[in-house]
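**Student:** Numbering (the UniProt record's numbering), first residue to last: 1 to 294.
1. Please confirm whether residue 222 and residue 145 have their CB atoms less than 8 Å apart.
2. Which of the three DSSP states, helix, strand or coil, is assigned to residue 40?
3. From residue 174 to residue 211, what distance separates their C-alpha atoms?
4. Across the region 97 to 104 and the region 25 to 33, are there enough close Cβ pairs to call them in contact, namely three or more that are closer than 8 Å?
5. Under a three-way DSSP split, which group does residue 188 fall into?
6. Does the pairing of the region 175 to 186 with the region 118 to 127 give three or more beta-carbon distances under 8 Å?
7. Quick one: is residue 251 buried, meaning 16 or more other Cβ sit within 10 Å of its Cβ, or exposed?
8. Distance check for residue 88 and residue 316, CA to CA, integer angstroms please.
9. Residue 263 to residue 142, Cα distance in whole Å?
10. In or out: residue 151 buried (at least 16 other Cβ within 10 Å) or exposed?
11. Roughly how many whole angstroms lie between the Cα atoms of residue 96 and residue 46?
12. Is it the case that the Cβ atoms of residue 113 and residue 220 are separated by a distance below 8 Å?
13. Any heavy atom of the ligand MN closer than 7 Å to the beta-carbon of residue 162?
14. I'd like the ranges of any alpha helix (DSSP H) spanning at least 4 consecutive residues and lying wholly in the region 135 to 180.
15. If you drop the 5 nearest sequence neighbours on each side, which residues of the same chain put their C-beta closer than 7 Å to that of residue 207?
16. Evaluate residue 133 with the Cβ neighbour count: other Cβ atoms within 10 Å of its Cβ, from every protein chain shown; 16 or more gives buried, anything less gives exposed.
17. With a threshold of 16 other CB atoms inside 10 Å of the CB of residue 209, please say whether the residue is buried or exposed.
18. Which runs of the beta strand (DSSP E) fall wholly inside the region 43 to 109 and span at least 3 residues, in chain order?
19. So, at 8 Å on beta carbons, what are the nonlocal neighbours of residue 94 in its own chain, with the 5 sequence-adjacent residues on each side left out?
20. Looking only at its chain, what residues have a beta carbon closer than 8 Å to the beta carbon of residue 153, apart from the 5 residues adjacent to it on each side?
21. Enumerate in chain order the residues of its own chain whose CB-to-CB distance from residue 165 is below 6 Å, with the five nearest sequence positions on each side excluded.
22. When you compare only the Cα positions, how much space is there between residue 39 and residue 33?
23. Can you tell me the Cα-Cα spacing of residue 59 and residue 155, whole angstroms?
24. With residue 211 as the anchor, note down where its beta strand (DSSP E) starts and where it stops.
25. Can you give me the C-alpha to C-alpha distance between residue 188 and residue 50, rounded to a whole angstrom?
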């Protein structure tokens, strides 16, 4: 009787101690909990946060969503009456028709991602600007996937051309143009340490022999990130066929939503589980031995 009570106690104790530090369920970083929108789109359609805390002063602290930290640098004194930001902003702007820089915070599909390939009008999403944007992941978490879309600024620039960038495909529609991002995983925070791999996502591809297959990504598309699942941080870089002496001409923007991560028990937790199982097994063996010797 005492032995059974000890066994039950050990089972309960090992289960309690062995509770993982993080939930095993997937965590979807959908940005919907974020507020503090400090800017309104000049072309209408919604609001955004680009690092300006409302004071207009310089800010480089970044921002968080569900334990993931997104890099951001904001300079309110970049030029008279003009501010500058890079890294990550977040937005709920709905505007798929206005070209140009004033509409830089709009996702081309017309809102955030619903998580099933459809659009969530009025939903919040993140926008990255410029190579060098990165995000840091919670310790012990693992990457699963992310929904990616063009911004309206980039998509319309590629479709029609503008004062800085060409129309993709050129006049003949035969130019082998492309626009893509690479997500590189690192084993340290702030895109530091060693690269553990990368994932490439095409935002536009005009390299097909058959021009009818050329496309500019117009919907939210889910990309698998499990090949870099163990990254502590992920950096975004852009590549475009339309590049010149001063770098990429295509607007280097991309929209993200539903960054999905999960978490695993830490090694110490697994050790506790193993030790508890061994103790319980030993007690069961001792009990059988006593019964056989009666």
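The C-beta atom is built at its ideal place from N, Cα and C for all residues, glycine as well.
Bear in mind the structure is a predicted one, so any value in this text is a computation, not a measurement.
**Tutor:** According to the data block:
1. Within the chain shown, residue 222 is the residue found at index 222, counting from 1. Within the chain shown, residue 145 is the residue found at index 145, counting from 1. Going by C-beta atoms, residue 222 is nearer than 8 Å to residue 145.
2. Residue numbering aside, residue 40 sits at position 40 when the chain shown is read from its first letter. Here residue 40 sits in strand by DSSP.
3. On the chain shown, residue 174 is found 174 positions in, with the first residue counted as 1. On the chain shown, residue 211 is found 211 positions in, with the first residue counted as 1. Looking at the two C-alpha atoms, the distance is approximately 7 Å.
4. Counting C-beta pairs closer than 8 Å gives fewer than three between the region 97 to 104 and the region 25 to 33, which falls short of the contact rule.
5. Against the chain shown, residue 188 aligns to sequence position 188. Assignment of residue 188 by DSSP, reduced to helix, strand and coil, places it in the coil class.
6. The region 175 to 186 is not in contact with the region 118 to 127.
7. Locating residue 251 in the chain shown gives position 251, where the first residue counts as 1. Per the 10 Å Cβ criterion, buried.
8. The question about residue 316 has no answer here: the residues shown for the chain are numbered 1 through 294.
9. Stepping through the chain shown from its first residue, residue 263 is reached at position 263. Stepping through the chain shown from its first residue, residue 142 is reached at position 142. Each residue's Cα considered, the two are about 6 Å apart.
10. Along the chain shown, one-based indexing puts residue 151 at 151. Residue burial annotation: residue 151 is buried, with at least 16 other C-beta atoms found within 10 angstroms of its C-beta.
11. One-based indexing of the chain shown puts residue 96 at position 96. One-based indexing of the chain shown puts residue 46 at position 46. Residue 96 and residue 46: Cα-Cα distance of roughly 12 Å.
12. Within the chain shown, residue 113 is the residue found at index 113, counting from 1. Within the chain shown, residue 220 is the residue found at index 220, counting from 1. Contact flag set, yes.
13. By its list of ligands, the structure shown contains no ligand whatsoever, and the ligand MN lies outside what it can speak to.
14. Correct list: 152 to 160.
15. The residue labelled residue 207 in the question sits at position 207 within the chain shown. Excluding residues within five positions, the ones whose Cβ falls inside 7 Å are 176, 178.
16. Numbered from its first residue, the chain shown carries residue 133 at position 133. By the neighbour-count rule (16 or more Cβ atoms within 10 Å), residue 133 is buried.
17. As a first step, residue 209 is located in the chain shown; it is residue number 209 there, counting from the start. Residue 209 is exposed by the Cβ-count criterion.
18. Taken in chain order, the complete beta strand (DSSP E) segments of 3 or more residues contained in the region 43 to 109 are 47 to 49, 63 to 65, 68 to 70, 72 to 79, 82 to 91.
19. The count along the chain shown starts at 1 and reaches residue 94 at position 94. Short of 8 Å from the beta carbon of residue 94, and not among the five residues preceding or following it, lie these beta carbons of its own chain, in chain order: 45, 46, 106, 110, 111, 121, 122.
20. Here residue 153 is taken as the residue at index 153 of the chain shown, counted from 1. Closer than 8 Å at Cβ, skipping near neighbours: 99, 100, 101, 103, 104, 106, 251, 253.
21. Numbered from its first residue, the chain shown carries residue 165 at position 165. Sequence-distant partners of residue 165 (beyond 5 residues in either direction) whose C-beta falls short of 6 Å from its own C-beta, in its chain, are 157, 242, 249, 250.
22. Numbered from its first residue, the chain shown carries residue 39 at position 39. Numbered from its first residue, the chain shown carries residue 33 at position 33. Spanning the two alpha carbons is a distance of roughly 17 Å.
23. As a position in the chain shown, residue 59 is number 59, starting the count at 1. As a position in the chain shown, residue 155 is number 155, starting the count at 1. Taking the straight line from one Cα to the other gives about 29 Å.
24. Numbered from its first residue, the chain shown carries residue 211 at position 211. No beta strand (DSSP E) contains residue 211, which DSSP labels as neither H nor E.
25. The sequence position of residue 188 within the chain shown is 188, counting from 1. The sequence position of residue 50 within the chain shown is 50, counting from 1. Cα-Cα distance, rounded: 25 Å.
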